[in-house]
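Worksheet: one structure, shown below.
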Amino acid sequence: MEATTILPILKKKLAFLSGGKDRRSGLILTIPLSSDQTSMEELSATLDYLLSIPSEKCKARGFTVIVDGRKSQWNIVKTVVLMLQVQTHNMV
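Residue numbers for the sequence shown follow this note's numbering, beginning at 411 and rising by one.
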């Protein structure tokens with residue numbers, strides 16, 4: 411997947427790789443949820459793209475995901491966490 415195909419969605423900053431790493435050198439993926447969260451389909455497309463960027467070596471170390479749900483409702487946070495479990499196939 412190329413960034414140009416989902417550029418309008420990426421500009422919404424639904425999720426991002428900060429460049430930071432956790433203790434085991436896994437990449438940190440942040441999802442800042444808000445009360446005006448867009449569709450789960452757009453978030454899913456963003457995650458597909460972001461998870462395809464790192465090398466296989468980086469993917470093997472896994473990811474740490476920070477879901478910032480302070481400005482969102484619990485049911486949205488729960489839906490995002492469930493979606494992550496399905497989408498990442500144990501990379502998180």
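Even glycine gets a Cβ: it sits at the ideal position worked out from N, Cα and C. The structure displayed is predicted, hence computed values, not measured ones.
1. Would you tell me roughly how many angstroms separate the C-alpha atoms of Lys431 and Gly472, rounded to the nearest one?
2. For Asp458, which residues of its own chain have a beta-carbon under 8 Å away from its beta-carbon, when the five flanking residues on both sides are left out?
3. Is the separation between the beta-carbon of Leu439 and that of Ser482 shorter than 8 Å?
4. Note the first and the last residue of the continuous alpha helix (DSSP H) segment covering Lys431.
5. Is Pro442 helix, strand or coil by DSSP?
6. If you follow the alpha helix (DSSP H) that Ile486 is part of, which residue opens it and which one closes it?
7. Apart from the five residues on each side of it in sequence, which residues of its chain come closer than 6 Å, Cβ to Cβ, to Asn485?
8. Hey, how far is the Cα of Leu460 from the Cα of Cys468?
By the coordinates alone:
1. Roughly 10 Å separates the two Cα atoms.
2. Around Asp458: Met411, Gln497.
3. No, the pair does not count as a contact, with Cβ atoms beyond the cut-off.
4. Lys431 -> not in any alpha helix (DSSP H); beta strand (DSSP E) instead, spanning 426–431.
5. In the structure shown, Pro442 sits in a strand (DSSP, three-state: E or B).
6. Counting along the chain, the alpha helix (DSSP H) containing Ile486 begins and ends at 484–498.
7. Hits under 6 Å: none found.
8. About 13 Å.
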